[in-house]
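J.: Supplied in structure tokens, the structure appears directly below.
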Amino acid sequence: MQLVPKVVFPCLPKRTMCHGRLIFFAVDSCETAQEIWLQVQQMMKGSDIGIKEKKAKLFNEWERFDSNEGESIESYYHRLLKLMHDLKRNKHFPEKIA
């Protein structure tokens, strides 16, 4: 069994590092940098079903958002800020009502 040295890339998120070998095997047959980039981009983006599930989960969380019993205003604010950040980061915005 050959030991592979652990390489740490501080600029990459942990989920990317966890899938390093899977990404390598997926792009190993690519011939150009553009092919590699497109393959990695697709793997990190996720499937349409996964994206739709995430969107539905975030919207559901947005609609049900409320303060918890005994929760401080600071905690409430941070949870709301995190939810809004997740919605923005995933480009999931409720449609505007005319």
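For the sequence shown, our numbering assigns the number 607 to the initial residue and increments by one for each residue that follows.
Each residue gets a CB set at the ideal place from its N, CA and C atoms; glycine is no exception.
The alpha helix (DSSP H) spanning residue 688 covers which residue range?
T.: Numbered from its first residue, the sequence shown carries residue 688 at position 82. Note, residue 688: alpha helix (DSSP H), 679-695.
J.: DSSP state of residue 656, grouped into three classes?
T.: Here residue 656 refers to the residue found at position 50 when the sequence shown is read from its first residue. The answer is helix: DSSP assigns residue 656 an H, G or I state.
J.: Pair every Cβ in the region 684-699 with every Cβ in the region 658-676, then say whether three or more of these pairs are closer than 8 Å.
T.: yes
J.: Between the Cα of residue 650 and those of 629, 634, 663, 664, spot the shortest distance and give me the residue it belongs to.
T.: By 1-based counting over the sequence shown, the position of residue 650 is 44. Checking every option, the nearest Cα to that of residue 650 belongs to 629.
J.: Tell me which residues share the same chain as residue 658 and place their Cβ nearer than 7 Å to its Cβ, disregarding the 5 neighbours each side in the sequence.
T.: The residue given as residue 658 occupies position 52 in the sequence shown. So no residue of the chain qualifies.
J.: Going by DSSP, what residue range makes up the alpha helix (DSSP H) through residue 641?
T.: As a working note, residue 641 is residue 35 in the sequence shown. Counting along the chain, the alpha helix (DSSP H) containing residue 641 begins and ends at 639-651.
J.: Going straight from the alpha carbon of residue 635 to that of residue 664, what length do you get?
T.: For the purposes of this step, residue 635 is identified with residue 29 of the sequence shown, where counting begins at 1. For the purposes of this step, residue 664 is identified with residue 58 of the sequence shown, where counting begins at 1. Their backbone Cα atoms lie some 36 Å apart in a straight line.
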